[in-house]
Structure formats: C-alpha cells, structure tokens
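Converting from the sequence shown to our numbering requires adding 45 to each position, the first position being numbered 1.
Even for Gly, the Cβ is constructed at its ideal location relative to N, Cα and C.
What follows is a single structure, written as structure tokens, with notes after it.
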Amino acid sequence: MRPETARVDAWLRREGLPTLVPRRRRGTHLIWRTTPFVFVVGAALALLFAVGLGQAFFGLDHLAGAESDILGSDRDLPVVIAVLGFLAFVALISPSVAAWVSGRRMHRWSTTGRWVATALAWGYLWVEMLTTSQTVLGATGLTVAIIAAAHVLVWVGAVAVGAWSLRWAWSSLGALQTMTSRALPLIVSVILIAFYSTEPWQVSDAMSTAQRWSMIVVVAVIAALAIWPIARTEVDAARTQLTEARRAELLAGTPLAGTQHRLDTDHDLSSSQRINVIGLLVLAQVIQAGLFLLTMAGLLSVLGRLTISDTVVAAWSGRARDPWFIPGTSATLPIDHQTVRVAIFLATIAALTFVLSSLFDPGYRGHFFEPVVERLRLAVAAHAALTAYDEGSGDSPEDPPKVPPDLQ
C-alpha cells in the first residue's frame, strides 16, 4: 500500500516533524503554505500597534491613576474603549481569523482562491508596514523582507514546529487537573515553607524585570540540558526496539497506517531529523513546565493576598504593598506587585523541580514524561516507514505530490 505523499507531508508538518519530509518536496506549494504565517505576522504587528495606541490613550507610563491628556476626563473612557475595541477587531482579530481559515481550508480552494488569499495577506502586511515607515518605498521594502524571511522559516520547518508547539500547549491545558492533583501537593508543601519566609520576598522585590526574565531563561536552559541526554537515549531505544507490530500500533490512524514494506531499523535519523525529534520532546516538556509555573504562580498569588496582611508584606519586602492599577483609572486590582514577584520567583524554582521529578521519579514520569516520549516513538516509526518506502518497489515518498497538501 503506497501512502499519498501529499497527505503524508501534511501530517508530518502537523506533527512538528518537517525534517522528515524529503528535502526535494519541502518547497512544494511554499507560497501558499506561507500565507497563513504572513497573516499571523500581520496580526502580531497589529498587536504592537494596538499597544502603542493604548499607551497613548491610557497613559500607561503613569500608572498612578493620573488622567491621560488625551482622555481629558473619565467620561471619554467608554468612547475610547469602544474605538480601541473596533480597531482591535479590524487590525488584530480579522487577520487572526484569516490565518486560521486559510491554514485549515486553503488546500480545498481553487488555484485562484489561493492566490487571492495570498494577495490579501501580502496587501494587509504592506498596509501595516505603511503605518510604520510612512513611505511607500519603505513599506514595500519591509514587506518584501518580511515575506522573504517568512518563506525561509516555512521552508526550514520552523513555522511547523512553532504551530505544533501552540497546539501542544493548548492540548496540555487538559493536563492541568493531573498536575494539580499529583504534582502540586508535594511541591507546594515544600515551596510554602519558603513562601512564608522573609528572604524570598526581599530577593524577589529587589530583582529587576530583566533579572526575573533572566532567571526564567536560565531555569529553562537547565531543564533543557537535563532533558536532552535522556531524549537522545530514548531515540536510540525507540529505534532499536521497534518491531513490525509496534510500528503498526504507533502508525494506526495516520497516513502511514497499513504499511507493508519490510521493517529496516538500520537507518538512523540524520542530524537534522534527530535535532527535530529531540527538540520536540524538550519543547513539549518545557511547555508543560511553563503551564505548571503559571498554575503555581497563580496559586501563590491568591494565597498570599488572602493570608498575608499589609503590615507583614511591608515588613518582609521593606516597603508598603504596591497595588496594580487599572490602566487609565485610579481603581486598583486585588493584587500587589510584591506578592506577584515572589510568586513568580518561587514558581520558577518549583517548575524546575517539576521537570526533574518528571524525568527521574517513576510516579511523575508515567504521567508527564511518557506521553511525550510516545510522540518521539511515533516519529521514529514514521521515519522507519518512510525509509522502507524509499527502498521499496518503486513506491518512493520522493515522488512529487499530485494534489495540494493540507496546509494546516
């Protein structure tokens, strides 16, 4: 049974495995496959533009509640919010919806429809650039540069990996219940001892924003370095332990299901394919750790606001509670900067503990690491199947696709 190459390529990209697509087919329909990403870039630029408008209207540089010179009075606030909401819908939501629709449906459109969608994406990006450069020549140059960079990112597979990571993060939200019921209790019991101590409050409040982000990046790098050698071992084990029955089980329900060619595990993954597969495992684990960090930080923030008085916060941090203000108004949110800072500080440490526990603790590993490793085994099985076809009786996956691939 010969797999339909277009469906196989689309499935590999959807699974975040673009390097498994034969090199000669990576440029197939590249312009049309890049169109959704161009819409996404336009939406991101629109978001930056909206933030700039928000700073102008609400005076975000003055969060103490002073009235913005543009607002004039609080009576103008509903009008400003309505105007900004409309601009956000037109400039941000519209291209986001266009990116989603073109990504899921473009492969079903006619050639004319695909070119129209591509022209709309390029035109929208050009308008965005025109608001930035304010000259036609400058806008055209920026648009061409961004579109060229977008095509390179799509061709090398970076966009496919990024899209997969977003889908994985969304699907991982369902694992929050497992995290809160299995991972949180033990780690929280340790973190709470530090949370109700003076030193973390003093250290976190003295850290700048750059230092806090640097700490998060360093912890993420440490986690990745811990995962990488284990992932390499799992790749080798998946390749050597792969059997015909296991391959059929892993590939069931995929475009490579029902393969009949002889299994050959002698062909190892290439360097780029190995980096792709191992990188996906590391990325998936880091995403889980990020979700755990946000959950822990939220829990500690709520707990700190409910149980720690203003006097204690002032004594521990060295200054009075600094509340969060609603932009453009003097109203405050029921949370303060000191509590959020110490919550993020301790949650970052807890996230590293979560990653290490999921790697080495059998109880955590079965719930949080094995599901990710299963995707790695799927990638190895897909590579073995593609290699078998490439060496089979003329049914080579190198044959060019006869239909446009799924652009998801």
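query = Roughly how many whole angstroms lie between the Cα atoms of G349 and S141?
reply = 37 Å
request  = List the whole-angstrom C-beta distance separating P300 from E49, where the pair is believed to meet the contact cut-off of C-beta under 8 Å.
outcome  = 7 Å
request  = Just tell me which of A426, D250, Q333 and R52 has its CA closest to the CA of Q416.
outcome  = Note that residue 416 is Pro in the sequence shown, not Gln. Comparing Cα-Cα distances from P416 to each of A426, D250, Q333 and R52, the minimum goes to Q333.
message = In the DSSP output, which residue or residues are listed as bridge partners for T377?
response = F370
G87 burial status per 10 Å Cβ neighbour count (16 or more: buried) = buried
ask   = Do you know whose CA, among A89, L62, P63 and L421, lies nearest A282's CA?
value = L421
C-alpha distance - T223 paired with V347, whole-angstrom precision = 20 Å
ask   = Below 9 Å between beta carbons: does that hold for L65 and A395?
value = no
inquiry  = Need the endpoints of the alpha helix (DSSP H) that V280 sits in, please.
reply    = T254 to T285
request  = Can you say whether D54 is buried or exposed, counting buried as having 16 or more other CB atoms within 10 angstroms of its CB?
outcome  = buried
task = Give me the Cα-Cα distance between S234 and G411, rounded to the nearest whole angstrom.
result = 22 Å
Rounded separation between L116 and W369 - CA only = Residue placement at L116 cannot be trusted, given a pLDDT of 46 that sits under 50; what the coordinates show is reported in the next sentence. Going by the C-alpha atoms only, they are around 20 Å apart.
query = Can you list, in chain order, the residues of its chain whose CB lies under 7 Å from that of S217, leaving out five sequence neighbours each side?
reply = I332, Q333 and L336
ask   = The alpha helix (DSSP H) spanning E294 covers which residue range?
value = E289 to L296
query = Out of R69, Q247 and E173, which has the shortest C-alpha to C-alpha gap to T185?
reply = E173
request  = Decide if D106 is buried, meaning its Cβ has at least 16 other Cβ atoms within 10 Å, or exposed.
outcome  = Confidence at D106 is low in this model, with a pLDDT of 45, below 50, so the placement of that residue should be treated as unreliable; the coordinate-derived value is given next. Classification for D106: exposed.
query = Measuring CB to CB, does G148 end up less than 9 Å from N321?
reply = no
task = Locate the alpha helix (DSSP H) running through L23, then write down its first and last residues.
result = Any question about residue 23 goes unanswered here, given that the chain covers just 46 to 453.
Residue of V418, G343 and E419 minimising C-alpha distance to T384 = G343
request  = Work out the CA separation of A195 and T176 for me, nearest whole Å.
outcome  = 20 Å
ask   = For the putative contact between I192 and W154, defined by C-beta atoms under 8 Å, what is the C-beta separation to the nearest angstrom?
value = Between W154 and I192 the Cβ distance is about 20 Å, and since that is not below 8 Å, they are no contact.
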